[in-house]
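Protein chains in written order, with this note's numbering: chain A, 1 to 124; chain B, 125 to 248; chain C, 249 to 372; chain D, 373 to 496.
There are 4 protein chains.
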Amino acid sequence: MQFDDKVPIYYQIKNYLYHEMLTGQLTPGAKLPAIRQLAVDLTVNVNTVQRALGEMITAGIVTSKRGKGNFVTTDTARLAQLKEQLTMEQLERAYEQLHALNLTDDEIIAGLKQYIAQRGQQHD
Amino acid sequence: MQFDDKVPIYYQIKNYLYHEMLTGQLTPGAKLPAIRQLAVDLTVNVNTVQRALGEMITAGIVTSKRGKGNFVTTDTARLAQLKEQLTMEQLERAYEQLHALNLTDDEIIAGLKQYIAQRGQQHD
Amino acid sequence: MQFDDKVPIYYQIKNYLYHEMLTGQLTPGAKLPAIRQLAVDLTVNVNTVQRALGEMITAGIVTSKRGKGNFVTTDTARLAQLKEQLTMEQLERAYEQLHALNLTDDEIIAGLKQYIAQRGQQHD
Amino acid sequence: MQFDDKVPIYYQIKNYLYHEMLTGQLTPGAKLPAIRQLAVDLTVNVNTVQRALGEMITAGIVTSKRGKGNFVTTDTARLAQLKEQLTMEQLERAYEQLHALNLTDDEIIAGLKQYIAQRGQQHD
DNA sequence: GTGGTCTAGACCACA
DNA sequence: GTGGTCTAGACCACA
């Protein structure tokens, strides 16, 4: 995995794991990979993974069972709420950034459509 | 100005100044505010502003004239290119993040439209 | 049984068993539940129970008879002393903690009375 | 400072600092000692102090200012709430522990009064 | 095997 | 000077 050096790594790991949950790679109740395994896979220190996990535990998305591992919450309402929240955050940030570049609302939507169309061509 | 504490401040200042240029607050050839003034306005240390400026100079967007101050480049093609580049970066990142949240292309566009509509209501 | 995850589980098990003895669930000379049974009841690993028992044996509160099991000491003076000691420890800690929160002696007593009164209402 | 080795050190540091705030050693808006200084004073690693601080920041009791230090919140309502919460937690735990030792409500109150009286003699 | 805590030490961003 | 992040490595509690 590639990390953006402008943002803390633990923060990116947290987002990465959230994405895994929201896209069904990690289903509710599923066991997360062992912390040490994640550290190896992401070529990152164990403590860094732990910090990401710690925040997810505090947020109620992950529960830790002593000696057994970390597990995705089975509270699907909580997961749905997380998805909603992350989506809104992304939309808000993207909109504000593009708006700041002096694009009108219509230009922003048009730009996005165009981007997706182009991308489609490249990836097909 | 509000700073996101997950991203280096100098980096956010750079973006802020780019935006000023692209939205016409700072026209080609215009003199940038004095570094010390910027530091005061942004309630930030002088060193931090200096770092942001340094990167803009390296990128050829700002030229520094000894004893006179810093100026926006008069190379309008360079500015247009910058806008294009920043726009694409934003679109790409937004798309990838939302895609990672398991939204389809259509859902992303619909979500953005909806976000803009909602926002319009709030701000009108 | 609920465990406080800030304190070692073996330590909490030890306290739990002491309480059983002091409240008469486990009388002097009584046989303790089998280690494996305790582990199941407390949903805890056998090793963890064993560790708690080990410390109680060292403290002279429990005696182990090979092949027969573990038994509460018949030394009632020892048990009385244990109760006295645990009570004082609790009082001391509670007092110090509340004192550290800037409560006066009178406020501490008043607070405790109030807490008990409230609790009585809830549980009646 | 003496640490109880049954509870995480960062946890005890957090409580220690909370107490400092509630007893007026650290007033609202006051600057906390530098992290490195705290680490030296408490003969503990910098990271351990930072972990305690991190939780206080998340809880909204402390705010961090880049390059300047950490400060007690000026939100006195938040501080009052914290005191209330910590007091209740202490009372609840003390009560339950003593209750578990087979003391009646009256015995608990009497025991506390007696403890305070004894203590008064010792300390006068 | 699995997570939790802590240390020593380094490097960076910011004032 | 002051805080934030990360690493390497150790030791412990628990299953």
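Using N, Cα and C, we set each Cβ at its ideal position, and we do this for glycine too.
Requested in this report: Provide the residue(s) that pair with T63 (chain A) in DSSP beta bridges, ordered along the chain.
Outcome: A:F71
Query raised in the report: What residues from chain D crowd round P256 (chain C), counting only those whose CB sits closer than 8 Å?
Result: K378
**Report entry** Neighbour-count burial assignment, L335 (chain C), 16 or more Cβ in a 10 Å radius
**Finding:** A small correction: the amino acid at residue 335 (chain C) is Thr; Leu does not occupy that position in the sequence shown. Flag for T335 (chain C) reads buried.
Query raised in the report: Within the chosen definition, does the stretch 148 to 156 of chain B reach the stretch 126 to 139 of chain B through at least 3 CB pairs nearer than 8 Å?
Result: no
Requested in this report: Establish whether the CB of D75 (chain A) and some CB of chain B are separated by less than 9 Å.
Outcome: no
Report task. Answer with yes or no whether the minimum CB distance from M56 (chain A) to chain B is below 9 Å. Result -> no
Query raised in the report: So with Cβ pairs under 9 Å, would you call M125 (chain B) a contact of chain A?
Result: no
Query raised in the report: What does K138 (chain B) pair with, by DSSP beta-bridge criteria?
Result: The partner list for K138 (chain B) (beta bridge, DSSP) is empty, contrary to what the question assumes.
Query - Per DSSP, the bridge partner or partners of K279 (chain C) - result: C:F319
**Report entry** Own chain residues within Cβ distance below 8 Å of Q453 (chain D), not counting five before or after
**Finding:** none
Requested in this report: Just mark N171 (chain B) as buried or exposed, buried being the case when its beta carbon has 16 or more other beta carbons within 10 Å.
Outcome: exposed
**Report entry** Per-residue DSSP class, three states only, for G396 (chain D)
**Finding:** coil
Report task. To the nearest angstrom, report how far apart G302 (chain C) and L270 (chain C) are at their CA atoms. Result -> 19 Å
Query raised in the report: Should T335 (chain C) be flagged as near chain D, meaning a C-beta pair shorter than 9 Å?
Result: yes
Query raised in the report: Which residues bound the alpha helix (DSSP H) around K83 (chain A)?
Result: 76 to 100
Requested in this report: For chain B, find out if any of its Cβ atoms is closer than 9 Å to the Cβ of I35 (chain A); answer yes or no.
Outcome: no
Report task. Using the Cα positions of Y363 (chain C) and K237 (chain B), report the straight-line distance between them to the nearest angstrom. Result -> 54 Å
Requested in this report: May I ask you to report which of helix, strand or coil DSSP gives V40 (chain A)?
Outcome: helix
Query raised in the report: Using the beta-carbon of each residue, which ones in chain B are nearer than 8 Å to A126 (chain A)?
Result: Outside the shown range of chain A, which is 1 to 124, sits residue 126 (chain A), and nothing can be said about it.
Query raised in the report: Does DSSP classify Q170 (chain B) as helix, strand or coil?
Result: Here the sequence assigns Val to residue 170 (chain B), which means Gln is not the residue at that position. Here V170 (chain B) sits in helix by DSSP.
Query raised in the report: Would A325 (chain C) be called buried (16 or more neighbouring beta carbons within 10 Å of its own) or exposed?
Result: exposed
Requested in this report: Return the chain-ordered list of same chain residues with a C-beta closer than 8 Å to the C-beta of S369 (chain C), the five sequence neighbours on each side being excluded.
Outcome: The sequence given here has Gln at residue 369 (chain C), not Ser. If we look at Q369 (chain C) and ignore the five residues flanking it on each side, it has no Cβ neighbours.
Query raised in the report: Any C-beta of chain C sitting closer than 9 Å to the C-beta of L488 (chain D)?
Result: Note that residue 488 (chain D) is Ile in the sequence shown, not Leu. Cβ-Cβ to chain C under 9 Å: yes for I488 (chain D).
Query raised in the report: Closest to H471 (chain D) by CA distance: which of C:F251, C:Y266, C:P256, C:D252 is it?
Result: C:Y266
Query raised in the report: Does any CB atom of chain A fall closer than 9 Å to the CB of A224 (chain B)?
Result: yes
Query raised in the report: Using the rule of at least 16 other Cβ atoms within 10 Å of the residue's Cβ for burial, across every protein chain shown, is N70 (chain A) buried or exposed?
Result: buried
Requested in this report: For L166 (chain B), I'd like the list of residues in its chain whose CB is within less than 6 Å of its CB, leaving aside the five on either flank, ordered along the chain.
Outcome: M125
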